[in-house]
Structures are given as structure tokens and as C-alpha cells.
Amino acid sequence: MKSCKFRLITSVLFAGLALQSQAQVNAIDSVMNHVKGNKLSVGGYGEIGYTREFFSDNPYKYSQAGKYKNDPSHGKFDIPHAVIYLGYDFGKGWTMGTEIEFEHGGSGSSYEKEYEESGEWEHEVEKGGEVELEQFWIQKSFSRMFNLRAGHIVVPIGLTNSYHEPLNFFTVYRPEGEATILPCTWHQTGISLWGHIGQDWKYQLQFLAGLNALSFNRDNWIKKGASSAFEFEPANKYAVALRIDNYSVKGLRLGLSGYCGNSIGNTWYKRILWSQHRQFTRSRCEWNSS
Numbered sequence: 000m001k002s003c004k005f006r007l008i009t010s011v012l013f014a015g016l017a018l019q020s021q022a023q024v025n026a027i028d029s030v031m032n033h034v035k036g037n038k039l040s041v042g043g044y045g046e047i048g049y050t051r052e053f054f055s056d057n058p059y060k061y062s063q064a065g066k067y068k069n070d071p072s073h074g075k076f077d078i079p080h081a082v083i084y085l086g087y088d089f090g091k092g093w094t095m096g097t098e099i100e101f102e103h104g105g106s107g108s109s110y111e112k113e114y115e116e117s118g119e120w121e122h123e124v125e126k127g128g129e130v131e132l133e134q135f136w137i138q139k140s141f142s143r144m145f146n147l148r149a150g151h152i153v154v155p156i157g158l159t160n161s162y163h164e165p166l167n168f169f170t171v172y173r174p175e176g177e178a179t180i181l182p183c184t185w186h187q188t189g190i191s192l193w194g195h196i197g198q199d200w201k202y203q204l205q206f207l208a209g210l211n212a213l214s215f216n217r218d219n220w221i222k223k224g225a226s227s228a229f230e231f232e233p234a235n236k237y238a239v240a241l242r243i244d245n246y247s248v249k250g251l252r253l254g255l256s257g258y259c260g261n262s263i264g265n266t267w268y269k270r271i272l273w274s275q276h277r278q279f280t281r282s283r284c285e286w287n288s289s
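Each residue of the sequence shown is one higher than the last, beginning at 0 in numbering that gives the first Met the number 0.
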């Protein structure tokens, strides 16, 4: 199958690719990368993509390939991500960082094709995208080796989650391998201990709520396990994430990440609320009990 894809971004693409090794910024540093000695810092990024796909968009294009092999091509413009960073340095090692992300143009109302439901078109209360608070944390830095961060943080599992800004990957959209089977960008509320050991090593250790196994599926593995249908994140079960990176060879980064946690039963169970009420009124006296 052929596809023709172009990236349109405000910076010069070729210069960005040429400086790939220098431009890569870890997600835990991305907010504070804009500080530059200021108390209040503002930053961000955005990307616009154009895709022309010379194959069918029918959900059965693989299982019934012969039937849809002559379908016409189709193109689309998209704004995958537009992000605003806000950071503040309180002094004495205390900092705060936030990342607000608008995906695919933000929220609203639209029709979307649900591939998990045989390609049905459904009316969703969103404009093909969403608005997310991807990072919201406060941090105390004791030394270069020891930093403690608490709040909503990026989980550094895999390469793309740790380096998810547009100039940190070579494809137009985030690599489909990780983005299909893992939450991307994977962000949860928790506590993170991170730092540098010498000049060549960096570590991140996180304590988080577990994933929700009820959201796993055969097509996307654990991708939707970090999302919640509620206004809060269930935390009946817990997990630990660890990442270690090595920079001993100039221009080369070697990393290893792992995640261990419980996911079965990490949801919010239905509860029945039962109430009784009694009221007794006589003359000008009233008595109530519940």
C-alpha cells in the first residue's frame, strides 16, 4: 500500500532533522526547558499534517482485500497536537509545570468512524479531538541526582512517550508501533523520583495508579487502559514504572523502561444508595429523621 505524507510545521523541518540528536528533549524536562532563568515561563509547540492515502479506509480492507483494492484514495489535513507549556520557579528548588494539549483541533461535536464497531459512524460529543491536561505537577529539586515530582506526569514507557515532541521522531505522525498498543502520550497522576547519575546516566522511578484491564482489547492491547470514563482516575490497584537512559557514546542514547502493576479490578464499582426518611408533624412541631 502506498501513502504520501507531508509535515507542515512552523520551524524548518530539514534543520530540525539534521539536529535531531541535539533537539531531543525528554518529556520530564520539556516544560522546564523553556524557563531560561525566568520565574514565569511560557512555551509550546504545534504541528499540522497532510496525509494522502492510496488505499481504502474501509475497516474490512484487510480481511476482504480483493473487494476494496480499487477504492479511491483519500486525503486529509490534521492538527495532531497544539500544546501550551506554563512553568513557574518559586525558588529554593521548588518549581511547578503544566502542559495543556489540544488534539485534532480541540473539542466540540463531530461524526467519527468507530473501527471497533464494524466501521459504524457515530456522533461523538467532540470535534474529532480533545483537550487534555497532560502535565500538572509540583517539584522539589534537592540536587541534580535527586528530584521529587508529584502530580500529573508523563509515564516514560517506550521511546515515543519519553520523546513525543514533533521533532523527536522521523515520521509525520507518532510511530504507529507504539502509538497503537500503548497509551500515547501516556500520562497519569502519581509521584516521580528522577535524576542524573554522573554525566552518562539518567533514571526515572514512578509510583502510579494501575491500568484498567476492562479497557484492554485485542486490537490496541493496553492503549486505553490509562484512560478513565469517570471524572477521576480509579486507584484501587497500583503500579511502578522505571526508566534508565545512558549517554556514554556521544550522539547515542540507550534506554530501558519497564512497568509492573495490577490492572484487574481497577475500576469504580456500582454502588446502591439507599435512604429512608420519616417526618412527623403535629401542631406547630415537626420531627424529621433519616
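Glycine residues also receive a C-beta, built at the ideal position from the N, C-alpha and C atoms.
Contact set for residue i: own chain, Cβ-Cβ below 6 Å, skip 5 residues either direction
i	result
LEU213	THR266
THR94	ASP88 and GLN138
LYS75	THR50
Cβ-Cβ distance between residue i and residue j below 9 Å
i	j	result
SER40	ASP88	yes
ALA240	LEU207	yes
ASN235	GLY264	yes
GLY304	GLY42	Examination of residue 304 is not possible in this model, given that the chain is present from 0 through 289 alone.
Limits of the beta strand (DSSP E) - the one that residue i falls within
i	result
TYR237	237 to 245
GLY150	146 to 153
LYS139	129 to 140
LEU213	No beta strand (DSSP E) holds LEU213; DSSP gives it neither H nor E.
GLY257	253 to 260
Residues near residue i in its chain [Cβ-Cβ closer than 7 Å; skip 5 each side]
i	result
PRO79	GLU46, GLY48, GLU102, HIS103 and TYR172
GLY150	PHE135, TRP136, ILE137 and THR188
ILE196	MET144 and TYR202
TRP220	ILE180
ALA225	PRO182, TRP185, GLN187 and LEU210
HIS73	GLU52 and ASP56
Inter-residue CB distance, residue i and residue j (contact presumed, cutoff 8 Å)
i	j	result
LEU204	ALA238	About 12 Å; that fails the 8 Å criterion.
TRP200	ASN245	6 Å
ARG148	SER191	4 Å
PRO165	TYR44	6 Å
GLU98	GLU133	4 Å
GLY105	PHE141	That pair is no contact at about 38 Å.
N-terminal and C-terminal residue of the alpha helix (DSSP H) that residue i is part of
i	result
GLY157	157 to 161
Cβ shell of residue i (< 8 Å), same chain only, five flanking positions each side left out
i	result
GLN198	TYR246
ILE152	ILE27, GLN134, TRP136, HIS186, GLN187, THR188, GLY189, SER191 and GLN205
GLN21	Note on GLN21: pLDDT 42, under 50, position unreliable in the model; the coordinate value appears next. Nothing listed; no residue qualifies.
Contiguous alpha helix (DSSP H) assignments of at least 4 residues, all confined to the stretch 168 to 202: 175 to 180
Residue ranges of each beta strand (DSSP E) within the stretch 45 to 120, 3 or longer: 73 to 90, 93 to 102 and 109 to 113
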